[in-house]
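**Student:**
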Amino acid sequence: MNNTEMKTLEVSDFGRFFAALNDGFKPFSWQSELLHSIVETGRWPDRIVAPTGAGKSSVVDVHLFANALAAAGAASRVPRRLSVVVNRRALVDNQVQRAEAIQERMRGALNGEADDPIIVAVAELLESFRTAKEPELGPFLMGHLRGELPGRFLPVDDPSACAIIAATPDMFGSRLLFRGYGGSLRARPRDTAIVAMDNVLVLDEAHLNRQLLATARRIAELQGLERSIGIPLLQVVETTATSARDAAEDFREIGVDPGRLGADADVELARRIHSDKGLTLSPVEYWTGKPRNAKVIAHLVEESQRLIEAARQQDHPNRAIGCIVNHVETALGVSKALEKAGYSVETLVGRMRPLDSAEIQEKLAVLQDPGNPTEIDVVVSTQTLEVGVDVDFAGLVTELASASALAQRFGRVNRRGERKGVEVNVVVPAVSSAIKPQHPPYAGDDLLAALEWLGELREIGAVSPANLDAHVPPVERPRRLLFQRPELMDIEGWARTGDILFEDDELDLWLKDDLEPDTAQGGVVFKDGLPLDDVAAAELVGSLKPEAREVCPANLKLVREVMETVLESHRPRCFLFRDGEVELITEPVPLKPGDVLVIDPDHRVTTKGVIVEAPTDAKSPTGVWPERILTVEVLEPAGPEVSDHAELFSTFREMTPEEATEEWNSRGHTGSVSLSTSIVDLDGRGNECVSWFYVEDPDTANTDSDVGQIWTRSKASVTLADHQQDVADRARELNRKIGVDTALQRAVVDAAHHHDDGKSDARFQMMLGRCDEQPALAKSRFRSKQQAKRAAERSGLPKGWRHEQMSVVLAAASGIDDELTLRIIGCSHGHGRSGFPHTGDGLVPDDYPPEMVATAERLFTLGVWDSLIERTTRNIGAYAVSYFEAIERAADAQISSEGR
205 MNNTEMKTLE VSDFGRFFAA LNDGFKPFSW QSELLHSIVE TGRWPDRIVA PTGAGKSSVV
265 DVHLFANALA AAGAASRVPR RLSVVVNRRA LVDNQVQRAE AIQERMRGAL NGEADDPIIV
325 AVAELLESFR TAKEPELGPF LMGHLRGELP GRFLPVDDPS ACAIIAATPD MFGSRLLFRG
385 YGGSLRARPR DTAIVAMDNV LVLDEAHLNR QLLATARRIA ELQGLERSIG IPLLQVVETT
445 ATSARDAAED FREIGVDPGR LGADADVELA RRIHSDKGLT LSPVEYWTGK PRNAKVIAHL
505 VEESQRLIEA ARQQDHPNRA IGCIVNHVET ALGVSKALEK AGYSVETLVG RMRPLDSAEI
565 QEKLAVLQDP GNPTEIDVVV STQTLEVGVD VDFAGLVTEL ASASALAQRF GRVNRRGERK
625 GVEVNVVVPA VSSAIKPQHP PYAGDDLLAA LEWLGELREI GAVSPANLDA HVPPVERPRR
685 LLFQRPELMD IEGWARTGDI LFEDDELDLW LKDDLEPDTA QGGVVFKDGL PLDDVAAAEL
745 VGSLKPEARE VCPANLKLVR EVMETVLESH RPRCFLFRDG EVELITEPVP LKPGDVLVID
805 PDHRVTTKGV IVEAPTDAKS PTGVWPERIL TVEVLEPAGP EVSDHAELFS TFREMTPEEA
865 TEEWNSRGHT GSVSLSTSIV DLDGRGNECV SWFYVEDPDT ANTDSDVGQI WTRSKASVTL
925 ADHQQDVADR ARELNRKIGV DTALQRAVVD AAHHHDDGKS DARFQMMLGR CDEQPALAKS
985 RFRSKQQAKR AAERSGLPKG WRHEQMSVVL AAASGIDDEL TLRIIGCSHG HGRSGFPHTG
1045 DGLVPDDYPP EMVATAERLF TLGVWDSLIE RTTRNIGAYA VSYFEAIERA ADAQISSEGR
């Protein structure tokens, strides 16, 4: 890597960095102003005003460069994490894809691939924050949170790293309040620490999420009452397309003023802001605002055809137009008709699988520039295209929507301002009386306000961003009378994540703009080649649980219809994935929000990969397995697949997973083998075989956290003394790189040094397979979940016994009396908030020394532990203390992932 051209990094280098990431385009003046403000103050502004086309997504570029400057000592300490929160599932995925592209670019630069020295310099500086030894992940980390999916992740294992997080409002907001939707109970404090501390929340189109904005700002205010630990607290930024007129005196706003674009850097922006976009209103009879309206679909098709033909007269190679509608069923109907008419159509809707959506968005990347040749005539979409997707259409047909939604849709047209004679066609009802009180997803009042606003714009005849700034779109009316703010007692209650509740807390009051019940959502996953035997298939699905990328979202009504269709078919079975568990379903059962059905792929339940009431696809989308899985072998699959390793099904019958792994490796393969417990008798004469086996990448850590606590990828066992010393050293390094107040660092390091003391218990050592002559172990060399379960059953440990609870007893008995240290030890794996499954007599066996028994009794029978949890929460702060726990847990996770 040649870094001779970049000895230092300065604020003035931002233009070069920005251009290197953005095909040579220099930053607009507002983007440079944003960076300068952050660098000088260490804080982001309260609001960013950026019309469509002004480059709002550049907040990622600014965040990365500001952190690189801080690493170089050329700027103030700024939040390490940036959370971009947007109210569209597909747009969350789009944010992740852009950040991943930057991540891949920087990873390549660090690996010596030729690149601009500025990219290398920034990548090296960002990498200097990292403590985890994972060069394959790049110099900064990613987080991805969105609902109705089984897979969500946050960069919890390296809180010192710079990170980009993309999330939907409910996924982010619930984690702010210690109740992360879709996450495990034990992960809640850790998730909260990552999103609530050392993080800046950029809430896109904040007027659509006013309650979350109020809650986040209140959380930031309450954090100011906690003990300072030396790092930035939560910072909250709202983004909007137009400047508000009601800002408080101390409210900091940065952005675009269309009337003041004189700088050379803003020539391109000025062209975009004043781009040519003529407005046409196209009335249609029999408008109902409902999906599958044949009259409206026919009108949308007719107007789309007219605009396609008009676009073909333009000079630009990219002549694709957009057609944006309000319902998935309408989009599918328009697409079908346009395809039948011979046009090249791409369809993008929010109810697609993420892997399908990503594939389509990759195709649409060519539409970013009018000069890119493309065969695409029209892109038909729902609200998915409103925000965050960079396309430059030659024309637009859109259904009537709320004014704010229409403003976003207009921004997809002539985005760069290079086209002339561009038409934006809004299909509206022939008479306003056709608009009723509710037309989901919009309220009737909002549609009437939009219609009146469109009438004003029609007088001007154009819908450029400058015109929209002068004629601000009416804000959607509030759907609740008052907004709620969380108080300290609420936070302290939510922070008790260990309490077993009859029903989980309802957070809508603090997160939702609309308190009407949401349409319950679930999903469907398609799996190829499952075993014919139902029990064996259920076991395989349970072992390799569905991932986010393969779930086809749908409301529960549609999911229920899929279940009924499948159970009435030639293969009447499906598998219900709920709360992390899989159940075989052979007759219809009631469904709950978040339920995911896993089905064989030979059922017709989709149109263009989307779950619909009247499917037309010949077959369902192709299923996938988790990326960490090298191969899945099934003896009797429900399909034409035939295993290349047929003889191994019999060979593995009498083997443990450890022995099967050794046999697999002896044949020249790599990986860790997991076996089915279900057996097939091939001929009825005792010729038994395992039903299936799969092989996992040996370099991929097991994602099951309980397994990771006792098994290591190392080929040698890990001693307890070495492990705890390594974790303490790593915690010390994390504290230093994060910048934790030196007066508070010792508690984290001491806790790390004792967090696994409880593993010295003889029963736990038996579970790890320790021999008499060996020193106490922290981890055994095997790590499969099957092996963990079998070893735990042999150990004699009580059900639910936690080694970190025993660690607290041993640490307290040894003289450690610092309450923060003891709390971090006990809560290191998310348990202990505020109790453990066992009281003192169930935790410590009778043969332990009397002082140990007495300490356990005092802590966990007489209530001293519960009082300690309450005092540390109150004295230090719920968010600050959670962050300390997260640092220790991250140090432990990093050392474990390194096989130590």
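So in this note's numbering, spot 152 of the sequence shown is number 356, and the numbers just go up one at a time.
Just so you know, even glycine gets a beta-carbon here, dropped at the ideal spot from N, CA and C.
(1) Residues in the same chain with beta-carbon distance under 7 Å from R616, minus the five sequence neighbours each way, listed in chain order, please.
(2) Which residues does DSSP pair with A647 in a beta bridge?
(3) What first and last residue would you give for the beta strand (DSSP E) that runs through Q725?
(4) Note down the Cα distance separating E506 from P819, rounded to an integer number of angstroms.
(5) Which of the three DSSP states is assigned to T907 in this structure?
(6) Near L1163, what residues of its chain come up, given a Cβ to Cβ distance below 6 Å and the 5 sequence neighbours on each side ignored?
(7) In whole angstroms, what separates the C-alpha of E900 from that of I815?
(8) DSSP three-state call for P487: helix, strand or coil?
(9) Determine the direct distance from the alpha carbon of F269 to that of V583, and round the result to whole angstroms.
(10) Fully enclosed by the segment 392-437, which alpha helix (DSSP H) runs are 4 residues long or longer?
(11) Select from W698, V570, A605 the residue whose C-alpha is nearest the C-alpha of V593.
(12) With three or more C-beta pairs closer than 8 Å as the rule, is the segment 949-966 touching the segment 1008-1023?
(13) Write down every uninterrupted run of the alpha helix (DSSP H) in the segment 711-792 whose length is 4 residues or greater and which is fully enclosed by it, in chain order.
(14) Decide if G1025 is buried, meaning its Cβ has at least 16 other Cβ atoms within 10 Å, or exposed.
(15) What number of angstroms, rounded off, separates the C-alpha of L349 from the C-alpha of D718?
(16) Identify whether P794 lies in helix, strand or coil by the three-state DSSP scheme.
(17) Can you check which of these residues, W1069, G1004, D930, is closest to S1100 by C-alpha distance?
(18) When DSSP labels each residue in this structure, what does E304 get in the three-state scheme?
(19) Closest to E691 by C-alpha separation, out of G377, G347, I423, would be which residue?
(20) Under 7 Å: does the beta carbon of E457 sit that close to some heavy atom of the ligand FAD?
(21) Could you please give the first and the last residue of the uninterrupted alpha helix (DSSP H) stretch that includes E817?
(22) From C756 to S561, what distance separates their C-alpha atoms?
(23) Taking DSSP's pairing of strands, which residues face S876 in a bridge?
(24) Let's see if you can read the secondary structure: which residues bound the beta strand (DSSP E) around N1118?
(25) Can you look up A928 in the DSSP assignment and give me helix, strand or coil?
(26) Tell me, to the nearest whole angstrom, how far the beta carbon of G191 is from that of R292; I am working on the premise that it is less than 8 Å.
(27) Would you check if the segment 1076-1092 and the segment 1044-1064 touch, i.e. whether three or more CB-CB distances between them fall below 8 Å?
(28) In chain order, what residues of the same chain lie with their CB nearer than 6 Å to the CB of A474, ignoring the 5 residues before and after it?
(29) Could you tell me the distance, in whole angstroms, from the CA atom of N497 to the CA atom of A514?
(30) Nearest-angstrom Cα distance between L1047 and E1074?
(31) Can you tell me where the beta strand (DSSP E) holding S287 begins and where it ends?
(32) Go to G459, then tell me how far its alpha helix (DSSP H) extends in each direction, as first and last residue.
(33) If you count every other CB in all the chains shown that lies within 10 Å of the CB of F455, and 16 or more means buried, which is it?
(34) Please state whether DSSP places K983 in a helix, a strand or coil.
(35) How long is the line joining the alpha carbons of R1078 and Q427, rounded to whole angstroms?
(36) From what residue to what residue does the beta strand (DSSP E) around H348 run?
**Tutor:** A quick look at the data gives this:
(1) Translated into the one-based positions of the sequence shown, residue 616 becomes position 412. G526, L589, V595, F597, L600, listed in sequence order.
(2) Numbered from its first residue, the sequence shown carries residue 647 at position 443. Partner(s): Q642.
(3) On the sequence shown, residue 725 is found 521 positions in, with the first residue counted as 1. Taken as a continuous stretch (DSSP letters only), the beta strand (DSSP E) holding Q725 covers 725-730.
(4) As a first step, residue 506 must be located in the sequence shown, where it is residue number 302. As a first step, residue 819 must be located in the sequence shown, where it is residue number 615. Roughly 24 Å between the two C-alpha positions.
(5) The residue you call residue 907 lines up with position 703 of the sequence shown. The predicted model places T907 with a pLDDT of 47, which falls under 50 and marks its position as unreliable; any figure quoted below should be read in that light. If DSSP states are grouped into helix, strand and coil, T907 belongs with coil.
(6) What the structure shows of the chain is the stretch from 205 to 1104, and residue 1163 is not part of that stretch, so it cannot be assessed.
(7) Position 696 of the sequence shown holds residue 900. Position 611 of the sequence shown holds residue 815. Each residue's alpha carbon lies about 31 Å from the other.
(8) Position 283 of the sequence shown holds residue 487. Reduced to three states, the DSSP call for P487 is strand.
(9) Taking the sequence shown and counting its residues from 1, the one referred to as residue 583 is at position 379. Taking the sequence shown and counting its residues from 1, the one referred to as residue 269 is at position 65. Spanning the two alpha carbons is a distance of roughly 34 Å.
(10) 392-400, 414-427
(11) Numbered from 1 along the sequence shown, position 389 holds the residue referred to as residue 593. Minimum Cα distance to V593 is reached at V570.
(12) yes
(13) 712-715, 738-747, 760-771
(14) Within the sequence shown, numbered from 1, the residue matching residue 1025 stands at position 821. Rather than Gly, the amino acid found at residue 1025 in this sequence is Thr. Looking at its Cβ environment, which holds 16 or more other Cβ atoms inside 10 Å, T1025 is buried.
(15) Translated into positions along the sequence shown, residue 349 becomes position 145. Translated into positions along the sequence shown, residue 718 becomes position 514. Using only the alpha carbons, I get a separation of about 21 Å.
(16) Translated into the one-based positions of the sequence shown, residue 794 becomes position 590. Reduced to three states, the DSSP call for P794 is coil.
(17) Here residue 1100 is taken as the residue at index 896 of the sequence shown, counted from 1. That would be D930, whose Cα lies nearest to the Cα of S1100.
(18) On the sequence shown, position 100 is the one that residue 304 refers to. Helix, per DSSP.
(19) Numbered from 1 along the sequence shown, position 487 holds the residue referred to as residue 691. If we check each option's Cα against that of E691, I423 comes out closest.
(20) Absent from the structure shown: the ligand FAD. Ligands present: none.
(21) The residue labelled residue 817 in the question sits at position 613 within the sequence shown. Premise fails: E817 is in no alpha helix (DSSP H) and is neither H nor E.
(22) As a first step, residue 756 must be located in the sequence shown, where it is residue number 552. As a first step, residue 561 must be located in the sequence shown, where it is residue number 357. Their Cα atoms are separated by approximately 10 Å.
(23) Within the sequence shown, numbered from 1, the residue matching residue 876 stands at position 672. S876 pairs with E900.
(24) The chain is shown only over 205 to 1104; residue 1118 falls outside these bounds and no answer can be derived.
(25) In the sequence shown, residue 928 corresponds to position 724, counting from 1. The question names Ala, but residue 928 in the sequence shown is Gln. Three-state DSSP puts Q928 in a helix.
(26) One cannot answer for residue 191 here, as it falls past the ends of the chain, which runs 205 to 1104.
(27) no
(28) The sequence position of residue 474 within the sequence shown is 270, counting from 1. Excluding sequence neighbours, A474 sits near L465.
(29) Along the sequence shown, one-based indexing puts residue 497 at 293. Along the sequence shown, one-based indexing puts residue 514 at 310. Cα-Cα distance, rounded: 26 Å.
(30) Numbered from 1 along the sequence shown, position 843 holds the residue referred to as residue 1047. Numbered from 1 along the sequence shown, position 870 holds the residue referred to as residue 1074. Going by the C-alpha atoms only, they are around 22 Å apart.
(31) Within the sequence shown, the letter at position 83 stands for residue 287. Its beta strand (DSSP E) spans residues 285-289.
(32) As a position in the sequence shown, residue 459 is number 255, starting the count at 1. Not the alpha helix (DSSP H): G459 falls in the beta strand (DSSP E), residues 457-459.
(33) Counting from 1 along the sequence shown, the entry for residue 455 is found at position 251. Under this definition F455 is an exposed residue.
(34) On the sequence shown, residue 983 is found 779 positions in, with the first residue counted as 1. Reduced to three states, the DSSP call for K983 is strand.
(35) For the purposes of this step, residue 1078 is identified with residue 874 of the sequence shown, where counting begins at 1. For the purposes of this step, residue 427 is identified with residue 223 of the sequence shown, where counting begins at 1. Their backbone Cα atoms lie some 12 Å apart in a straight line.
(36) Taking the sequence shown and counting its residues from 1, one reaches residue 348 at position 144. 345-349 is the extent of the beta strand (DSSP E) around H348.
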